[in-house]
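In our numbering, the protein residues as written are 23 to 299.
Don't be surprised by glycine CBs; every beta carbon is placed ideally from N, CA and C.
Below is one structure, written out as structure tokens; the observations come after it.
So, in structure tokens, the structure goes:
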């Protein structure tokens, strides 16, 4: 009985191996005979795998760039400005038009009254300006006037030279830090630090150069920017102008949430402007 079972199992195994070998040989023969179909099949599989890898790589790169750009705005930073960032279908723009612009004195009051803020600063900005050095010029540049503590709120790196000191902020000296794009166009052979460039019709001494940042999804790259102390900007432009888009930046202390900071800032601003609850 056992011999018959072994013989049956052996015959079944031989049949299975024969079928497997015949199927394999038929598949190989089909591939050899239909070379074009084989090539197209392999090409389709290769393209599919490449497309999947490319999509995942693009998504990872996009996420990395987005995180980097958001981080450059500063962690736990709240902006106080006249206009909101988003425009919805029920956007009451006529109400926002009546709002006053934030001012330098209000920035000082926020810094004095806030208990949840680690740093407070302010910025005004104007775009589409021309910067010159000798006979060379760069168009469509941004001019940014920043108040003290700006470097404690925003993230950037200095490639050459240095950033403003507290005394330079307060005195409002005619100095600037330029973006890498402006630097490469005006000083292709280097040596920008210590030179004077013409900005808004005024001569300003270059004390530093920002490290190249590249294109930013958030539109906050410093590559085409000339940054100057706000107290100097007050002498050459009207920092209360709507065209300069002034805004106050407030960075929360460690462990303080944005919601808590927003509530405190709302109360402070209403008190400063003497608005009823």
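Within a Cβ cutoff of 8 Å, which residues of the same chain sit near residue i, ignoring the five residues on either side of it in sequence?
i	result
residue 228	183, 197, 198, 199, 200, 214, 215, 216, 217, 218 and 219
residue 126	144, 169, 252, 256 and 261
residue 290	131, 132, 135 and 136
residue 202	181, 231, 232, 233, 234, 235, 244 and 245
Just confirm the distance between the C-beta atoms of residue i and residue j, as a whole number of angstroms; I'd bet it's less than 8 Å.
i	j	result
residue 221	residue 153	6 Å
residue 261	residue 167	7 Å
residue 254	residue 194	4 Å
residue 138	residue 286	5 Å
Excluding sequence positions up to five away, which residues of its chain have a Cβ less than 6 Å from the Cβ of residue i?
i	result
residue 205	214 and 231
residue 155	208 and 219
residue 66	none
residue 103	269
residue 73	none
Between which two residues does the alpha helix (DSSP H) holding residue i run?
i	result
residue 155	Note, residue 155: premise wrong, no alpha helix (DSSP H); beta strand (DSSP E) at 139–155.
residue 182	Per DSSP, residue 182 belongs to no alpha helix (DSSP H); it is in the beta strand (DSSP E), 180–183.
residue 132	126–135
residue 281	280–294
residue 174	172–175
residue 116	115–119
residue 189	188–193
Considering residue i, what are the terminal residues of the beta strand (DSSP E) in which it resides?
i	result
residue 162	158–168
residue 250	247–251
For residue i, collect the residues of the same chain with a Cβ closer than 7 Å to its Cβ; drop the 5 residues on either side in sequence, then sort them by chain order.
i	result
residue 292	none
residue 294	128 and 131
residue 266	146, 147, 148 and 259
residue 249	166, 168, 198 and 199
residue 226	196, 197, 198, 218, 219 and 250
Roughly how many angstroms lie between the CA atoms of residue i and residue j, to the nearest whole one?
i	j	result
residue 113	residue 107	11 Å
residue 140	residue 172	12 Å
residue 269	residue 130	13 Å
residue 190	residue 271	20 Å
residue 282	residue 299	18 Å
residue 235	residue 121	34 Å
residue 246	residue 158	15 Å
residue 186	residue 180	11 Å
residue 177	residue 64	48 Å
residue 274	residue 280	7 Å
residue 188	residue 296	31 Å
residue 22	residue 278	Residue 22 lies beyond the stretch modelled for the chain, which goes from 23 to 299, so this question has no answer here.
residue 119	residue 111	17 Å
residue 43	residue 59	22 Å
residue 80	residue 70	15 Å
residue 174	residue 263	26 Å
residue 68	residue 45	25 Å
residue 123	residue 210	40 Å
residue 284	residue 115	21 Å
residue 224	residue 117	38 Å
residue 212	residue 192	29 Å
Based on the DSSP output, what are the partners of residue i in its beta bridges?
i	result
residue 218	227
residue 273	99 and 141
residue 199	230 and 249
Hey, would you say the C-beta of residue i is under 8 Å away from at least one heavy atom of the ligand NAP?
i	result
residue 279	The model depicted lacks the ligand NAP and carries no ligand whatsoever.
Taking 9 Å as the threshold (beta carbon to beta carbon), is residue i in contact with chain D?
i	result
residue 158	Looking for chain D here will not work: only one protein chain is present.
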